[in-house]
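Worksheet: the structure to be examined is printed underneath.
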Amino acid sequence: MDFSDLKICVVGLGYVGMPMAVAFAEKGVKVIGFDVSELVICVVGLGYVGIPMAVAFAEKGVKVIGFDVCKPKIEAYLNGEDPTCEVGTERLVKTLKGGNLSLTYDLEPIRSANFYIVAVPTPVNEDRSPDVRPVEGASEVVGKVISKGDYVVFESTVYPGLTEELCIPIIEKFSGLKYKEEWKLGYSPERINPGDKVHTFKTIKKIVSGCDAESLDKIAKVYEMVVEPGVYRATSIAVAEAAKVIENSQ
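Residue 1 is where the sequence shown starts when you use the UniProt record's numbering, and the numbers rise one by one after that.
Printed below as a string of structure tokens:
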């Protein structure tokens, strides 16, 4: 049997997963080892998309750091107040007390993350063109803190091609790290309908994409931890961006 095209992702690298991963690798199979205990997610942007996402991952036992540049917003969340009404006081307080979720407006704590999800808004200008300044700012934030081997996933609604055209150069500039060789990029459009308590982050199928096969697999596995209907793997970042634009126009 030809194993040249076979890629396996072993989720969980304990006494079962680790020897299994090694055994497959010894047979010439490309193996990606994934252990949730080593995953630290940073959600950049804690609005109606970011805060329920951060809480959902934390509830699954993942260490999550929520970041937002708005200090009053962070202070409100830490006081148990949810201005988005997407999570609610009881669930928010319970998750914060659980110890897996921390919130900050300071860059230093988010350096410890290795998987960054950018969920900042893209408002519309007066001429109806997208205002990408929040995406630019978030890219700069990520560029200042990422390390070699990290993953960055954007969820903001943008036109096809923007994530790669705009965000990659900014992150490379501020990080000094080379794209694909030292960090990986993905895109997974947010699909949350504000105020809808039925169709939520956890209950809507997620479109995911990556800059290569390895990143796509890793990103898919992360989202599959919390998204109950599973994920749809888009063939490219641009295709995933286009899918969101088409959905919004319907």
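A virtual CB, placed ideally from N, CA and C, is assigned to each residue, including glycine. None of these values were measured; they are calculated from a predicted model.
| Asked | Found |
| --- | --- |
| Since Y151 and K178 are thought to touch, with beta carbons under 8 Å apart, how far apart are those beta carbons, to the nearest angstrom? | Actually they do not touch by this definition, with Cβ atoms about 15 Å apart. |
| Which stretch, first to last residue, makes up the beta strand (DSSP E) that contains I65? | 63 to 67 |
| In whole angstroms, give me the CA-to-CA distance for V87 and P52. | 6 Å |
| Among the residues of its own chain, which have a CB less than 7 Å from the CB of I74, if the five just before and after it don't count? | D68, L103, T104, Y105 |
| Inspect the CB distances between the region 166 to 178 and the region 130 to 144 and report whether three or more fall short of 8 Å. | yes |
| Do you know offhand how far A58's Cα is from G230's? | 18 Å |
| Using CA atoms only, rank isn't needed, just tell me which of M225, E38, G28, L6 is closest to S112. | E38 |
| Of the residues L101, A138, A240, which one's Cα is nearest the Cα of V118? | A138 |
| Does DSSP put C167 in a helix, in a strand, or in coil? | helix |
| Taking all protein chains shown into account, do 16 or more other C-beta atoms lie within 10 angstroms of the C-beta of V132, making it buried, or fewer, making it exposed? | buried |
| From the DSSP output, read off the bridge partner residues of S154. | The question names Ser, but residue 154 is Phe in the sequence shown. According to DSSP, F154 bridges with V118, Y187. |
| Do the region 70 to 84 and the region 227 to 247 make contact, defined as three or more Cβ pairs closer than 8 Å? | no |
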